[in-house]
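The block underneath contains the structure these notes are about, expressed in structure tokens.
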Amino acid sequence: MPEPYTDTIVDSVKDPVTGFVVPPSWIKLCPDPQALQKIQSGRWVILSSGLLCRRGLTTGTTAAAACKGAILSLKGSVHNLEIETPAGIPVSLPVVAKKGFCIAVKDGGDHKFDVTAGLEIAAQASASEETTLVAGKGVGRILARGLCDEVGRPAISPSARGQIMLAISQALQETGLAGAEVELSIPRGVELAKETLNPRLGILGGISILGSTGFVEPWNDHFIGDRALELKEAKKVLVTTGRTGLKFCRVLFPDHKAVLMGSQLDLLAFEEDQESILCGLPALILKWAWPQILDETGYGTVAEMVEIEPQHRNITKALQMAKEKLPETRIVLLHKDGSTLADVP
Numbered sequence: 634m635p636e637p638y639t640d641t642i643v644d645s646v647k648d649p650v651t652g653f654v655v656p657p658s659w660i661k662l663c664p665d666p667q668a669l670q671k672i673q674s675g676r677w678v679i680l681s682s683g684l685l686c687r688r689g690l691t692t693g694t695t696a697a698a699a700c701k702g703a704i705l706s707l708k709g710s711v712h713n714l715e716i717e718t719p720a721g722i723p724v725s726l727p728v729v730a731k732k733g734f735c736i737a738v739k740d741g742g743d744h745k746f747d748v749t750a751g752l753e754i755a756a757q758a759s760a761s762e763e764t765t766l767v768a769g770k771g772v773g774r775i776l777a778r779g780l781c782d783e784v785g786r787p788a789i790s791p792s793a794r795g796q797i798m799l800a801i802s803q804a805l806q807e808t809g810l811a812g813a814e815v816e817l818s819i820p821r822g823v824e825l826a827k828e829t830l831n832p833r834l835g836i837l838g839g840i841s842i843l844g845s846t847g848f849v850e851p852w853n854d855h856f857i858g859d860r861a862l863e864l865k866e867a868k869k870v871l872v873t874t875g876r877t878g879l880k881f882c883r884v885l886f887p888d889h890k891a892v893l894m895g896s897q898l899d900l901l902a903f904e905e906d907q908e909s910i911l912c913g914l915p916a917l918i919l920k921w922a923w924p925q926i927l928d929e930t931g932y933g934t935v936a937e938m939v940e941i942e943p944q945h946r947n948i949t950k951a952l953q954m955a956k957e958k959l960p961e962t963r964i965v966l967l968h969k970d971g972s973t974l975a976d977v978p
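The opening residue of the sequence shown carries number 634 in my numbering; numbering runs sequentially from there.
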């Protein structure tokens with residue numbers, strides 16, 4: 634393995650996706666001589682240990698590539714194209730596009746739990762006087778309130794829809810077409826949705842098209858200890874305690890930067906001007922707020938208490954104590970099926 638940097642001076646660098654200013658000491662520990670350039674590209678994240686992890690791309694970014702490629706291919710085959718992400722960072726993606734049909738493959742990055750990694754997202758385009766986006770097979774539809782869009786509409790978050798429509802607009806400019814009808818589909822969407830939390834949330838018939846930044850944050854067990862530092866850089870931030878909560882939160886609050894903190898909630902320190910949410914399954918949150926929540930209750934676990942007696946006075950008291958610790962933060966507790974146990978503004 635190459636030796637870490639030994640330069641006496643290493644400049645700090647800002648992560649263009651999160652705005653987090655990476656300490657020079659982290660960069661000095663990285664053995665990759667291209668560390669600065671990789672971080673500046675937005676495609677890589679660095680840990681305090683100096684380890685670089687690659688970001689993936691969201692379903693929104695992948696869908697935008699498929700739609701753009703479909704329109705561009707009306708004028709000729711396309712093998713690679715550039716997409717603007719909601720974070721304002723352009724990314725280059727390989728596609729297979731010919732005669733108005735395009736397939737883009739979702740890049741999961743260094744996230745071993747991303748079930749959508751490698752998923753094909755397709756688009757079919759035809760020239761038209763007006764521009765329309767149609768959600769086809771495999772794109773989920775919203776059947777419950779409080780999700781990324783209104784009931785009855787496709788499960789496409791506002792930021793992802795904006796990214797897709799921008800990509801379509803750019804493709805129309807490049808081809809000189811007045812408009813296009815684009816049908817977005819996910820061939821394995823119905824099948825894959827069974828492996829996600831969408832059915833529990835009230836999204837049926839496929840997967841969601843999401844992405845507030847256009848990037849999927851990589852997962853590494855050592856990330857949790859570093860994430861508290863990144864919280865201060867986001868205007869809308871959501872903290873959760875586990876991967877199940879993280880999956881729910883990305884659908885329930887798609888415009889917030891979601892950060893997984895595990896049991897290290899004592900590290901939380903939000904800024905006064907931040908819109909902050911603490912959301913997740915109740916066990917870790919309630920025990921963090923009040924470690925003695927189970928004392929003299931007869932319950933062995935918080936999960937058991939919530940299942941049998943969700944209105945238990947100790948749950949109410951623990952929520953009050955959580956609000957005392959985070960008075961400006963909205964606290965949302967979720968059941969295992971994604972329904973809301975408590976929502977304290």
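For glycine and all other residues, C-beta sits at the position ideal for the given N, C-alpha and C.
Taking 8 Å as the cut-off, the Cβ atoms of Ala813 and Ser896 do not count as close.
DSSP places Cys663 in the coil class of the three-state scheme, outside both helix and strand. Here Gly878 is near Leu967, since their CB atoms are less than 8 Å apart. Counting C-beta atoms within 10 angstroms of its own C-beta, Asn947 has 16 or more neighbours from the protein chains shown and is therefore classed as buried. Note that the C-beta distance between Ala668 and Leu680 is not below 8 Å. Going by C-alpha positions, Val935 is about 11 Å away from Trp921. In this structure, Val849 lies near Arg688, with their beta-carbon atoms less than 8 Å apart. In this structure His889 is buried. Its beta-carbon is surrounded by 16 or more other beta-carbon atoms within 10 angstroms. Put simply, the backbone Cα of Pro960 is about 9 Å away from that of Pro978. Under DSSP, Phe881 takes part in no beta bridge, so it has no partner. In this model, Gln670 and Val772 are separated by some 36 Å (Cα to Cα). In the DSSP assignment, Gln907 falls outside any alpha helix (DSSP H), carrying neither H nor E. Runs of the alpha helix (DSSP H) spanning 4 or more residues and lying entirely within the segment 914-965 occur at 915-922, 935-941, 946-958, in chain order. For Asp976, the secondary structure class from DSSP, reduced to helix, strand or coil, is strand. DSSP places Gln673 in the helix class (H, G or I) of the three-state scheme. One thing to note: Glu753 has its Cβ no nearer than 8 Å to the Cβ of Ile775. Judged by DSSP secondary structure, Ile801 falls outside any beta strand (DSSP E) and instead within the alpha helix (DSSP H) spanning 791-808.
By the CB criterion at 8 Å, Val784 and Ala793 fall outside the cutoff. Three or more pairs of CB atoms, one per stretch, sit closer than 8 Å, so the segment 688-700 contacts the segment 792-807. Per the coordinates, the alpha-carbon of Gly709 lies some 13 Å from the alpha-carbon of Leu805. If you look at Ala756, you'll find it in the beta strand (DSSP E) that goes 753-760.
Shown here for Glu762: same chain residues with a beta carbon closer than 7 Å to its own, the five before and five after excluded, namely Ala811, Gly812 in chain order. Taking C-beta atoms as the reference points, Gly675 and Val655 fail to come closer than 8 Å. A distance below 6 Å between beta-carbons, with the five flanking residues on each side excluded, links Ser818 to the following residues of its chain, in chain order: Ala755, Gly769, Lys770, Gly771. Distance from the CA atom of Phe734 to the CA atom of Pro664, rounded to whole angstroms, is 42 Å. Secondary structure at Cys686: strand, using DSSP grouped into helix, strand and coil. Relative to Ser790, the option among Gly931, Lys956, Pro719, Val646 whose CA is nearest is Pro719. If you draw a straight line from the Cα of Pro851 to the Cα of Asp906, it is about 27 Å long. Each residue's CA atom was taken as its position, placing Asp740 and Arg883 some 18 Å apart. Here the segment 948-959 lies against the segment 911-929, with 3 or more beta-carbon pairs under 8 Å apart. Apart from sequence neighbours up to five positions away, the residues of its chain that approach Pro820 with a beta-carbon distance below 7 Å are Glu753, Ala755, Gly771, ordered along the chain.
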